[in-house]
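Here the structure comes first, spelled out in structure tokens, and everything after it is commentary.
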Amino acid sequence: MTDHIVLRSMAFEGRHGVSADERSRLQPFEADVELALDLAPAGRTDDLARTVDYGSVFEVVRAVTEMTSHRLLESLAEAIAAAVLDGFPGVDDVVVRVRKMRPPIDGRLAWAGVEIRRSRSPDAAT
């Protein structure tokens, strides 16, 4: 599938981290989501019902990021990917990038993050 819907640099606050201190306070996170699906029907008909509403995807990512708590960014990314695949049946494949904007590292670092790709087909998941 070569068609994609991309949501880039979504900004949220969440309570994710290994330490209890990290999970006790809100911290800034960013997420990117790329959805692979067939966009031709929507392109031909100009009909929102024939695609995925990216506002709805944004709200799913927000809910997972702001309403749950994970120790690892890997776990947060998995939860986002599962929620997107569960909530949007037309999506064949999803790439999720999660960035922790202020990781607890003693030194200069813009952010720390993970990237995962998940698919409805178990053979395509990496």
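All the letters of the sequence shown, read from the start, carry residue numbers -10 to 115 under our numbering.
Backbone N, C-alpha and C define an ideal beta-carbon position, used for all residues, glycine too.
The structure presented is a predicted model; accordingly, all values stated were derived computationally and were not measured.
Query, Result
"Three-state secondary structure (DSSP) of MET(-1)", "strand"
"Cα-Cα separation, LEU26 to ALA66", "20 Å"
"CA-to-CA distance, HIS(-7) to PRO78, given in whole angstroms", "15 Å"
"Rounded straight-line distance, which links the Cα of SER45 to that of HIS59", "22 Å"
"Rounded straight-line distance, which links the Cα of ALA20 to that of VAL(-5)", "11 Å"
"Residues near THR57 by beta carbon distance below 7 Å, same chain, minus five either side", "ALA68"
"LEU62 versus ALA70: straight-line alpha-carbon distance, rounded", "12 Å"
"Contact under 9 Å by Cβ, ARG4 with GLN16", "yes"
"Endpoints, the beta strand (DSSP E) within which SER108 is located", "101 to 108"
"Residue range of the unbroken alpha helix (DSSP H) whose run includes PRO17", "Per DSSP, PRO17 belongs to no alpha helix (DSSP H); it is in the beta strand (DSSP E), 16 to 25."
"For ASP82: DSSP bridge partner residues", "ALA25, SER108"
"Integer Cβ distance of THR40 from ALA31, believed to fall under 8 Å", "4 Å"
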